[in-house]
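Residue numbers (this note's numbering): 35 to 552.
A short write-up of the structure that comes next.
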């Protein structure tokens, strides 16, 4: 039995660190971080994933190395939300699932549970035990560049219902759920990977919106909550200080006021929201621990990991961080590892892992949920399903190249830039004669305004237009009323197939649009 009071200071510091790395197999740098720096966990990114067999062998090697060096088993974490945030993808042998907002459009929280349970089975099969999901942000800001369809809904109560169902699905199947990004990243217009967003709302508004899903996750006993690199002046007025580094946020609000007893993890400490304000990871790590974080999340670069480790040890030795606080964090980590059977993890069976992912059942569930999510917002001219396919023009934006080839339509295809040029627009308008039916997938109309302009010009010419909104559902508000609008909340394999089937009349669009149109 591992006990924090028997650990050296260095072992304690190691346990609070979760690090990324570049390899797909165990290398000397990673081995050193495990054996000499006693790290408590690793996080896998797309760069670490080649196949189910490779991931299973990698996680077995990681756990074998840590146990042989006398350390507790590792947290092996990943960001596997569904939709566009997924590291385990079908091209590498796993099942992909719709985005959170797509699941919200199916109307039934049990769908979030079913999806998470299937995802958990595939993660567990290859030795992953922590999912930094679900996203509990309430996305009610059309200009949000980083959350969008990662959120279940703009309604805080629906986010709470679907998010807790997702978390239950993970944890009932052996995967630690970490709700993110506390206290809320939904109402921001800045990407925290680049700069520090600010949420200006008063505390009453935060109580009514942003905090609702997190309070539900706390009641549900989520294993972890991940912090946001966002500043909340209503909670901590310190200029330029992200929630991740704020003691009033992590300890005062989350730990003491809301009574959260699980693990508090930071978002990645390398992100621009911290660096641009003078807090590189080596500096931010100590501040985050002091603020109340239990787990410090780092991306790649073992040199930086070692520098952060040294700074953390020094901060405790100099009593800038009390050893009592460090002991409390390590105690929570060990208790959570014990709760999920991770102190001495059993190796995964590699051959069984290969046959336990991308199963017929998981693929069928993925496709069923995707079909139930596709939403027909309007079809004023009854253009669907496609009937007269031979009189079609198809416009392909970069994000949807080659999709329409799968439709099997006899159509003229125009490939345009995300922001189409005058030449591209002119060519399409020249071809759009005799009331041609135009199929037009869109990308971020707030940014790519020429796409919207082209749609309006086509409609002004009398062309019936079917618009496919696959990335930002808010785009639908900008479209002309006479356009047919299909919303897919993403464009990964299950959504592509569902969108194709709806267009061709092989499936009905059953989803419910999550936003109230102006």
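Backbone N, C-alpha and C define an ideal beta-carbon position, used for all residues, glycine too.
- Contact between residue 462 and residue 447 does not hold, since their C-beta atoms are separated by about 11 angstroms, which reaches or exceeds 8 angstroms.
- Counting of Cβ neighbours within 10 angstroms places residue 481 among the exposed residues, the total staying below 16.
- The C-alpha of residue 309 lies about 12 angstroms from the C-alpha of residue 319.
- Taking C-beta atoms as the reference points, residue 135 and residue 475 fail to come closer than 8 angstroms.
- Put simply, of 401, 538, 372 and 332 the residue whose alpha carbon is nearest the alpha carbon of residue 106 is 372.
- Fully enclosed alpha helix (DSSP H) runs of no fewer than 4 residues occupy 357–373 of the segment 342–383, in order along the chain.
- Annotation for residue 248: no beta strand (DSSP E) segment contains it, though the alpha helix (DSSP H) segment containing it runs 246–253.
- Look at residue 509 here: in three-state DSSP terms it is helix.
- When C-beta atoms of the segment 234–249 are compared with those of the segment 190–209, three or more pairs fall below 8 angstroms, so the two segments count as touching.
- Contact between residue 217 and residue 252 fails: their C-beta atoms lie close to 12 angstroms from each other, not under 8 angstroms.
- With contacts defined as CB atoms closer than 8 angstroms, residue 232 and residue 265 qualify as a contacting pair.
- With fewer than 16 other beta carbons inside 10 angstroms of its own, residue 81 counts as exposed.
- Contact check for residue 112 against residue 165 passes: the beta carbons are separated by less than 8 angstroms.
- Distance from the CA atom of residue 496 to the CA atom of residue 172, rounded to whole angstroms, is 39 angstroms.
- The way I'd put it, the segment 36–52 does touch the segment 338–350; three or more beta-carbon pairs between them come closer than 8 angstroms.
- Across the structure, residue 140 and residue 307 are spaced so that their CA atoms are roughly 34 angstroms apart.
- Taken through DSSP and simplified to helix, strand or coil, residue 92 comes out as helix.
- The three-state reading of DSSP puts residue 491 in helix, counting H, G and I together.
- Residue 230: not part of any beta strand (DSSP E); DSSP gives it neither H nor E.
- For residue 59, there is no enclosing beta strand (DSSP E), as DSSP marks it with neither H nor E.
- Out of 445, 94, 271 and 199, the CA that lies nearest to the CA of residue 466 is found in 445.
- Secondary structure note for residue 47: its alpha helix (DSSP H) is the uninterrupted segment 43–49.
- Pairing residue 502 with residue 519, the inter-Cα distance amounts to about 6 angstroms.
- Comparing alpha-carbon positions, the option among 271, 455 and 260 lying closest to residue 236 turns out to be 271.
- Between residue 52 and residue 77, the gap from beta carbon to beta carbon is short of 8 angstroms.
- By the neighbour-count criterion, in which 16 or more other beta carbons inside 10 Å mark a residue as buried, residue 469 falls on the exposed side.
- DSSP, reduced to helix, strand and coil, places residue 222 outside both helices and strands of the structure shown, so it counts as coil.
- Straight across, the Cα-Cα distance linking residue 508 with residue 489 is about 16 angstroms.
- Distances from the alpha-carbon of residue 234 to those of 249, 276 and 431 put 276 closest.
- Secondary structure at residue 336: helix, using DSSP grouped into helix, strand and coil.
- When rounded, the separation of the alpha-carbon atoms in residue 359 and residue 327 is 10 angstroms.
- Exclusion of the five residues before and after residue 526 leaves 130 as the residues of its chain whose Cβ lies within less than 6 angstroms of its Cβ.
- Between the alpha carbons of residue 49 and residue 432 lies a gap of roughly 43 angstroms.
- Here residue 208 has 158 as same chain residues with Cβ atoms under 6 angstroms from its own Cβ, once five neighbours each way along the sequence are excluded.
- Relative to the Cα of residue 366, the nearest Cα in the group 413, 315, 515 and 295 belongs to 295.
- Taking a cut-off of 8 angstroms on C-beta distances, the segment 148–158 does not touch the segment 90–101, as fewer than three cross pairs fall below it.
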